[in-house]
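Here the structure is laid out as structure tokens; the discussion comes afterwards.
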Amino acid sequence: TKKTLIIGAGGVGNVVAFKCAMNADTFGEITLASRTLSKCDDIAANVKKKTGVEIKTAQVDADSVPELIELINRTGANIVINVALPYQDLTIMDACLECQVDYLDTANYEHPDTASFEYKEQWARDAEYRKSNIMALLGSGFDPGVTNVFCAYAQKHYFDEIHTIDILDCNAGDHGYPFATNFNPEINLREVSAKGRYWQKDDNGKGTWIETEPMEIKQVWDYPEIGPKDSYLLYHEEMESLVKHIKGLKRIRFFMTFGESYLMHMKALENVGMLSIEPVEHKGQKIVPIEFLKTLLPDPASLGPRTKGKTNIGIFAKGVKDGKEKSVYIYQVSNHEKCYEEVLSQAVSYTTGVPAMIGAKLMLDGIWEGKGVFNMEQFDPDPFMVELNKQGLPWKVMELDADEDRRVDA
Ligand code: NDP
């Protein structure tokens, strides 16, 4: 039987553990490891109670390559699913190389000190992965992840050439707090307070990144099953790989919804320096403001039982098919309460954890196969789209005329 190692026991780790257990034929013997063993044990107990499947647990510091190597060898894992934090991507990738085991993650490497994130250092491992005959699948969450697969699916079935893509991420969930983040606050707030960026080809056909002030560009998009929501342009990592892999692309942007209360709190926190990653001296002790803020905010895991409402994430693509211009909107709607009922996590963790499990399933089943380091859109989207429907993330396609979209402020 196969052996699966999951690293990280946060919101997403919880969903991955549940979903792997629910697909035990594929995942075989499952071990959940993380920094805090008790969190793994709690999840394992819930998985056992709800699914009857027994999973093992282990403690590991994923910043340490030797500890990881020891753990991977001890479990005999065929695949490592990394759902710890983006800071651990490189150590886990290197440990997988050492042990010659396949690797998967949901977020690209982020340097803890510089707040910059990009695929460069992970892509740089491609040659070594090839040489070792193993595969790394990067960004197998929802966005990145399913959004990349949606783009590949649009490319395969609806267009000869895609010219523009808007990725549209709406969370209309309500947790009842004036301010809280749905996933790791450091990562969430750093993403949102950063400058925006999108990619566009100039008149000479050269692709360039265009920087915007944080929250400078807004559009009101009418999300099916939710309604119109303010959506702001952000930089998001899947664009970095999509500009390489979607042929004919002329522009790609990413929008995410934010409510007024969220933005007001964030602005105030930023203005007083609470989002800073620079350590400050406080009563003889050094503290990092955003780390301290994380201590004050509700634990994202605690939002699960109290979050109501829906999410809708999708891609809106425009391009040409058989000489005719057209548009396609592919999206997925999840319901926070339903997700919680099924696996004890709200929709943000659910929509990330399910695709992580699906990516790993396609790798273990030999359906997505390759040697080296890959992004999602490099593989055939069809089997992934089939699994999404089966595993709790049903999607829809809306075909529109070339000049039609769902903007309500245009
Ligand atoms: P959480 O903060 O809830 O969980 C992170 C887990 O990783 C915790 O269990 C934490 O342990 C563990 N961890 C952190 N550092 C280490 C370490 N050095 N060694 C071992 N374990 C460690 O995060 P989420 O579950 O919300 O997110 C998990 C990942 O998913 C992140 O990389 C995030 O960026 C990504 N993500 C991707 C999305 C997508 O759509 N692609 C969307 C949302 C998230 P401890 O409990 O001890 O702190």
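Under this note's numbering, the letters of the sequence shown match residues 770 to 1179, in that order.
Idealized CB from N, CA, C, for every residue including glycine.
**Request:** Verify the contact flag: Arg804, CB atom, against every heavy atom of the ligand NDP, threshold strictly below 7 Å.
**Result:** yes
**Request:** Have a look at the DSSP bridge pairing and note the partners of Phe911.
**Result:** Answer by DSSP bridge pairing: none, since Phe911 is not bridged.
**Message:** Given 7 Å as the limit, tell me if Ile776 has its C-beta closer than that to any heavy atom belonging to the ligand NDP.
**Reply:** yes
**Under the three-state DSSP convention, the category Ala896 falls into** = helix
**Ser1118: CB within 7 Å of a non-hydrogen atom of the ligand NDP** = yes
**Asked** Which word fits Val1041, buried or exposed, when buried means at least 16 other C-beta atoms lie within 10 angstroms of its C-beta?
**Response** exposed
**Request:** Pull up the distance between the alpha-carbon of Val915 and that of Gly1053, whole angstroms please.
**Result:** 46 Å
**Request:** Return the residue from the list Arg843, Ala790, Asp794 and Ser1000 that minimises the CA-CA distance to Glu823.
**Result:** Ala790
**Asked** Which ranges does the beta strand (DSSP E) cover as unbroken runs of at least 3 residues, wholly within the stretch 1104 to 1150, from first to last along the chain?
**Response** 1141 to 1144
**Item:** Under 8 Å between C-beta atoms of Lys772 and Thr844
**Value:** yes
**Message:** Which residue wins for smallest C-alpha separation from Glu1060, given the options Glu1050, Ser1045 and His1051?
**Reply:** Ser1045
**Asked** Going by the C-beta, is Gln891 closer than 7 Å to any heavy atom of the ligand NDP?
**Response** no
**Asked** From Pro947 to Tyr1031, what does the alpha carbon distance come to, in whole angstroms?
**Response** 7 Å
**Prompt:** So what does His1051 bridge to, in DSSP terms?
**Reply:** Gln1054
**Prompt:** Whose C-alpha, out of Asp1170, Ile1127, Pro1069 and Leu1065, is nearest the C-alpha of Lys1087?
**Reply:** Asp1170
**Request:** Compute the minimum distance between the beta carbon of Ala855 and the heavy atoms of the ligand NDP, and state whether it is under 7 Å.
**Result:** According to the sequence shown, residue 855 is Pro rather than Ala. It does: the Cβ of Pro855 is within 7 Å (strictly closer) of some heavy atom of the ligand NDP.
**Prompt:** When burial is assigned at 16 or more other CB atoms within 10 Å of the CB, is Ser1010 buried or exposed?
**Reply:** buried
**Proximity winner among Glu955, Glu867 and Asn842, relative to Ala963 (alpha-carbon distances)** = Glu955
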